[in-house]
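To keep things clear, I will list the structure first and then write my remarks on it.
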Amino acid sequence: MMFTRFTDRSRTSVEAAFDEARMLGHDSLGDEDLLLGILRADEGKAAEALSSLGVTLEDAREASEGMLSDALSSIGISLEGVRTQAGEAFDMRIPDNRRIAYSPVAKKALVGARKEMRRRGDDHLGTEHVLLGILGNADGMAVRMLARMGVAPETLQERLFEVCDRAG
Amino acid sequence: MDSKTRTQVGGPEDPREGLEAVVALRRTLEALEAAQVENAFVAGWSWARIAEVLGVSKQAVHKKHAKRIRERYPGRPPGRKDWDR
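One line per chain: the protein sequences are V and F, in this order.
Mind the numbering: the first sequence is residues 0 to 167 in numbering that gives the first Met the number 0, read in order.
Mind the numbering: the second sequence is residues 0 to 84 in numbering that gives the first Met the number 0, read in order.
Here you go:
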């Protein structure tokens, strides 16, 4: 039911988001993971708008780790210090046998995506709608991650509409 | 309580920052535990000894970590004579 009207691309991007979340040690799927999933799937209008603004998957992963590192620093813990002490065995990845679920924020972004689809009078839910749903949460991790990469939500939204208009 | 008083008693200026630090710490703690259990196991420690230091049962530590570590070492880890002790 979750994927009703999703295009193959947007569905793939959500599946990729789960892989990214798992890799980064996120115990639930956040809105920043949805953004990473779009970049990782690297197909569709959202990925086109993001890449035209110079946002890459590598930058986004780095920004995500930077935010983790900053949050730890705020309580006096050095991620580098932890990593050095634990050695090569240190890996943020969530073990394969642990399931992860959608976070409320990610669910809200996907509900927002469906609203965007209806508002624009589209039949299918594409990556562009997912991205608009993500951008709808101004306090979200995804929006702050983009800010860290020097991309303002308004700029991205504008670019996305350009891409959509061009596609017709 | 205004934000000034709050800072004096040690809470963060922005509650979000405080809460996000908790999430970051929890994730890092999980990864650190996994790494240190693996390090101890590879160094030849028994599950019982690892569990004792962590303050949990041997069953608990085995259940949480054995499968993952086994998958990371298709053969036997160099420092170990056997898998399960």
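Every residue gets a Cβ at the ideal spot worked out from N, C-alpha and C, and that includes glycine.
Report the partner residues of residue i according to the DSSP bridge assignment.
i: G100(V); result: The question names Gly, yet the displayed sequence has Ala at residue 100(V). For A100(V), which the question treats as bridged, DSSP gives the partners S27(V).
i: L124(V); result: F5(V)
Can you tell me which of the three DSSP states residue i falls into?
i: L31(F); result: helix
i: W46(F); result: helix
i: F160(V); result: helix
i: G17(F); result: helix
i: K63(F); result: helix
i: A70(V); result: helix
i: S56(F); result: coil
i: P93(V); result: Correcting the residue identity first, residue 93(V) is Ile in this sequence and not Pro. DSSP places I93(V) in coil when its eight states are reduced to three.
i: D81(F); result: coil
i: S77(V); result: coil
i: N38(F); result: helix
i: R75(F); result: coil
i: V22(F); result: helix
i: V129(V); result: helix
i: L34(V); result: helix
Suppose the cutoff is 7 Å on Cβ atoms and the five residues either side in sequence are ignored; what does the same chain contact list for residue i look like?
i: T6(V); result: H123, L124, G125
i: A112(V); result: L124, H128, V129, L131, G132
In whole angstroms, what separates the C-alpha of residue i from that of residue j?
i: V129(V); j: D30(V); result: 10 Å
i: M148(V); j: W46(F); result: 44 Å
i: S73(V); j: P11(F); result: 9 Å
i: A59(F); j: I76(V); result: 27 Å
i: E19(F); j: A70(V); result: 6 Å
i: E161(V); j: E29(F); result: 43 Å
i: P73(F); j: I37(V); result: 34 Å
i: K44(V); j: A59(V); result: 18 Å
i: E42(V); j: A15(V); result: 12 Å
i: P76(F); j: V41(F); result: 6 Å
i: E19(V); j: V13(V); result: 10 Å
i: E153(V); j: A50(F); result: 52 Å
i: R15(F); j: S68(V); result: 15 Å
i: W44(F); j: V36(F); result: 9 Å
i: M144(V); j: M66(V); result: 8 Å
i: D90(V); j: V81(V); result: 11 Å
i: Q156(V); j: G135(V); result: 10 Å
i: R118(V); j: A108(V); result: 15 Å
i: E169(V); j: G54(F); result: In this structure chain V extends from 0 to 167, so residue 169(V) is not present and cannot be described.
Excluding sequence positions up to five away, which residues of its chain have a Cβ less than 6 Å from the Cβ of residue i?
i: S27(V); result: I99, A100, S102
Just to confirm my understanding: we take residue i, look at its own chain, exclude 5 residues before and 5 after, and list those with CB closer than 8 Å. What are they?
i: F17(V); result: L28, D32, G36, I99
i: R79(F); result: F40, V41, G43
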